[in-house]
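Note that numbering that gives the first Met the number 0 gives residue 76 to position 77 of the sequence shown, counting from 1, and the numbers run on in steps of one.
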Amino acid sequence: MIGDIRKVTAKIAERFKHRFYGRTFQCPVCHLELALVDVNGNRLLVCPVCGVVLDVEEVYGHAVPVVLDVEVHRPQPKMRVHPLATHLPIGLYPFAVLGAGLLFVASILEPLIKIPLFSRAPVLADATLVLLVLSVGFSVVTFVSGLRDWSRRYRKRPYAQIRLKIAFSVVFLLLGGLAIVLHASGAAFSAGTGLVDLGSPLALMLAVVELVALGAGMVVIATLGHVGGTLVFGR
Ligand SMILES: [Zn+2]
Numbered sequence: 000m001i002g003d004i005r006k007v008t009a010k011i012a013e014r015f016k017h018r019f020y021g022r023t024f025q026c027p028v029c030h031l032e033l034a035l036v037d038v039n040g041n042r043l044l045v046c047p048v049c050g051v052v053l054d055v056e057e058v059y060g061h062a063v064p065v066v067l068d069v070e071v072h073r074p075q076p077k078m079r080v081h082p083l084a085t086h087l088p089i090g091l092y093p094f095a096v097l098g099a100g101l102l103f104v105a106s107i108l109e110p111l112i113k114i115p116l117f118s119r120a121p122v123l124a125d126a127t128l129v130l131l132v133l134s135v136g137f138s139v140v141t142f143v144s145g146l147r148d149w150s151r152r153y154r155k156r157p158y159a160q161i162r163l164k165i166a167f168s169v170v171f172l173l174l175g176g177l178a179i180v181l182h183a184s185g186a187a188f189s190a191g192t193g194l195v196d197l198g199s200p201l202a203l204m205l206a207v208v209e210l211v212a213l214g215a216g217m218v219v220i221a222t223l224g225h226v227g228g229t230l231v232f233g234r
């Protein structure tokens, strides 16, 4: 089961990655996938994971990286805020998505069957909002600490992986912000019942927009986590 989820995530991440990476080659030391476009004018590239300085030659259209040196003075902080901070949004966000999904299903079932549990929907709606605000709010800390790592640890060098992460973080904040505004306003999930008023086309449309934003955010955050993982563990 977990293996299947990982495979699906990796497939989705792969699709997004290659749009950003273009042609790639592997670091000969840690096997991290590196983008050819990041090689500088002197044909040099420092591997972001293992810190080797690579001289990348193109031979018959193939990138051939040769290890020249090791960047000894790269700061390797023991307490790395970014990889730690990332787990709060990644851990909480899926439960916010689950909460909104359950509320939507309950909205469809409620007119058909009467279960006392439906009267608890406002509690689930509130819990979903709390989870959303915590996960999206804390992702700002993750984003800022990531930018700080990029400027200090990686000396603001261009890396396709980091460009992708910055772009996707902005997209995640926008999608998460949209979902928070829709959820908190009570326009999609009614503040009184916690459910979608299916009689109102506007409420139904807003609820669908919220669910789509949440679902897209899930794909974005999974890709962020996957790419981030490659920057910690190599391949
Ligand atoms: Zn490497």
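Each residue gets a CB set at the ideal place from its N, CA and C atoms; glycine is no exception.
These numbers come from a predicted model, not from an experiment.
Closer than 8 Å: residue i CB and nearest ligand 1 heavy atom
| i | result |
| --- | --- |
| residue 143 | no |
| residue 40 | no |
| residue 185 | no |
| residue 28 | yes |
| residue 233 | yes |
| residue 71 | no |
| residue 31 | yes |
| residue 65 | no |
| residue 55 | no |
Closest residue to residue i among the options (Cα-Cα distance)
| i | options | result |
| --- | --- | --- |
| residue 135 | 9, 109, 2 and 180 | 180 |
| residue 226 | 164, 81 and 205 | 164 |
| residue 78 | 152, 178 and 190 | 152 |
| residue 159 | 229, 68, 2 and 123 | 229 |
| residue 7 | 232, 217 and 231 | 217 |
Beta-carbon proximity list for residue i, same chain, < 6 Å, skipping 5 on both sides
| i | result |
| --- | --- |
| residue 207 | none |
| residue 130 | 91, 94 and 95 |
| residue 56 | 63 |
| residue 65 | 54 |
Run of the beta strand (DSSP E) containing residue i, from where it starts to where it stops
| i | result |
| --- | --- |
| residue 31 | Taken as a continuous stretch (DSSP letters only), residue 31 belongs to no beta strand (DSSP E), as it is neither H nor E. |
| residue 187 | Taken as a continuous stretch (DSSP letters only), residue 187 belongs to no beta strand (DSSP E), as it is neither H nor E. |
| residue 24 | 23-25 |
| residue 197 | Careful: residue 197 lies outside any beta strand (DSSP E) and carries neither H nor E. |
| residue 61 | 61-69 |
Same chain only: Cβ atoms within 7 Å of residue i, ignoring 5 sequence neighbours per side
| i | result |
| --- | --- |
| residue 157 | 37 |
Coarse secondary structure for residue i, derived from DSSP in three states
| i | result |
| --- | --- |
| residue 141 | helix |
| residue 115 | helix |
| residue 52 | strand |
| residue 47 | coil |
| residue 169 | helix |
| residue 38 | coil |
Own chain, CB closer than 8 Å to residue i, minus 5 neighbours either side, in chain order
| i | result |
| --- | --- |
| residue 139 | 172 |
First through last residue of the alpha helix (DSSP H) which encompasses residue i
| i | result |
| --- | --- |
| residue 209 | 200-232 |
| residue 92 | 86-108 |
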